[in-house]
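Presented below is the structure to which this report refers.
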Ligand code: DGY
């Protein structure tokens, strides 16, 4: 049997690329440039396996390219809102992702954002770096205490649960959560955690709200102007899920009018093109989609892709098959 051909749309950690090259006929993206639609289509015409990331929109139009050679889209990442799963299925393409291995690091980053925005560390750092810090003052850059406050979690899947553990066990926070399905009570052991019947019911009781639901059409603008209004004016909103879950214009308006106190974001609508208005606000912390960005996690994601490819090309069902 000839060796399957595999293309990576971005540079991956070196140990993973090396391992992949020892098993497959691999084409690397040497200069790490973002693939255009035409390049994605070419990849689907020329390779047995295409390994995209969150920045590659594998739309129905891309998948409709002919003649189609690709048999598996082995995604480097857990979120799949950039891939048209229906189109993949109808063209007989298997789709896999990398769940589990990025849970801890993404929850760590959500907690980082929560602490940063509450304690105004971005503003503090900008003050110091600009050479404008005049010394300690009793009223300088007063933030919000985190310990003991109430955290509302939307989406109590793996990452939401990991966030709840950090907040409850590390900071004594009370947890309220909304999840469309029942959550195993064992996961909540030792926490003060309350399930809410709806997002609307939960929001007015939160000091912080952290988003951990999937992106995509079903959750587009889940947090809109109306729901921002339901949050108390001292509330902070954290988003490490997907940018389209929040209506950015409504968020900017709410922040400007003081209807919520602050926001900590790692993901954006139309990423990486942020609204300039958002970047001018002081009461936001903005990170460049760093959720899973540790060497350990990015390598684990890559090795997980290899497991999926190995299973697929040896005729088994890949462990993380979604379609
Ligand atoms: C994920 O895994 O979905 C992260 O957002 C990076 O793609």
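Numbering (the working numbering), first residue to last: 289 to 611.
Just so it is clear, CB atoms sit at the ideal spot from N, CA and C, and this is done for glycine as well.
Since the structure is predicted, the reported quantities are computational estimates derived from the model, not experimental observations.
Assuming residue i contacts residue j under a Cβ cut-off of 8 Å, what Cβ separation, rounded to an integer in Å, is found between them?
| i | j | result |
| --- | --- | --- |
| residue 589 | residue 386 | 4 Å |
| residue 572 | residue 603 | About 49 Å; that fails the 8 Å criterion. |
| residue 335 | residue 294 | 6 Å |
| residue 333 | residue 296 | Not quite, the Cβ-Cβ distance comes to about 16 Å (not below 8 Å), so this is no contact. |
| residue 459 | residue 498 | In fact, because the Cβ distance is near 12 Å, the residues do not count as touching under 8 Å. |
| residue 391 | residue 447 | 5 Å |
| residue 494 | residue 440 | 4 Å |
| residue 610 | residue 373 | 7 Å |
Do you know whose CA, among the options, lies nearest residue i's CA?
| i | options | result |
| --- | --- | --- |
| residue 520 | 535, 543, 502, 317 | 543 |
| residue 581 | 314, 397, 574 | 397 |
| residue 429 | 449, 404, 483 | 404 |
| residue 360 | 598, 383, 532, 475 | 383 |
| residue 464 | 574, 479, 506 | 479 |
| residue 370 | 410, 364, 362, 344 | 344 |
| residue 511 | 473, 470, 556, 482 | 556 |
| residue 445 | 554, 367, 515, 493 | 367 |
| residue 488 | 431, 452, 472, 442 | 442 |
| residue 504 | 533, 498, 486 | 533 |
| residue 328 | 309, 348, 311 | 348 |
| residue 457 | 472, 477, 467 | 477 |
| residue 558 | 306, 485, 508 | 508 |
| residue 450 | 388, 552, 600, 605 | 388 |
| residue 323 | 339, 605, 469 | 339 |
| residue 536 | 600, 473, 563 | 563 |
| residue 506 | 492, 491, 530 | 530 |
With H, G and I counted as helix, E and B as strand and the rest as coil, what does DSSP make of residue i?
| i | result |
| --- | --- |
| residue 524 | strand |
| residue 416 | helix |
| residue 434 | coil |
| residue 487 | helix |
| residue 496 | strand |
| residue 464 | strand |
| residue 459 | helix |
| residue 393 | helix |
| residue 572 | strand |
| residue 475 | helix |
| residue 313 | strand |
| residue 513 | helix |
| residue 470 | coil |
| residue 609 | strand |
| residue 591 | helix |
| residue 440 | strand |
| residue 335 | coil |
| residue 374 | helix |
| residue 361 | strand |
| residue 295 | strand |
Just the Cα atoms here: how many angstroms apart are residue i and residue j?
| i | j | result |
| --- | --- | --- |
| residue 321 | residue 298 | 7 Å |
| residue 433 | residue 561 | 32 Å |
| residue 496 | residue 402 | 8 Å |
| residue 423 | residue 461 | 32 Å |
| residue 351 | residue 377 | 10 Å |
| residue 331 | residue 379 | 15 Å |
| residue 362 | residue 413 | 39 Å |
| residue 577 | residue 528 | 8 Å |
| residue 346 | residue 354 | 14 Å |
| residue 418 | residue 408 | 16 Å |
| residue 393 | residue 585 | 7 Å |
| residue 482 | residue 522 | 21 Å |
| residue 302 | residue 545 | 47 Å |
| residue 622 | residue 300 | Residue 622 cannot be examined here, being either before or after the span of the chain that is shown, 289 to 611. |
| residue 471 | residue 579 | 23 Å |
| residue 553 | residue 466 | 20 Å |
| residue 601 | residue 317 | 22 Å |
| residue 491 | residue 468 | 16 Å |
| residue 569 | residue 452 | 28 Å |
| residue 431 | residue 485 | 31 Å |
| residue 375 | residue 358 | 13 Å |
Tell whether a beta-carbon distance below 8 Å holds between residue i and residue j.
| i | j | result |
| --- | --- | --- |
| residue 597 | residue 337 | yes |
| residue 525 | residue 548 | yes |
| residue 326 | residue 399 | no |
| residue 313 | residue 291 | yes |
| residue 516 | residue 539 | yes |
For residue i, would you say it is in contact with chain C, using Cβ-to-Cβ distances shorter than 8 Å as the test?
| i | result |
| --- | --- |
| residue 522 | Here there is only one protein chain, and chain C is not present. |
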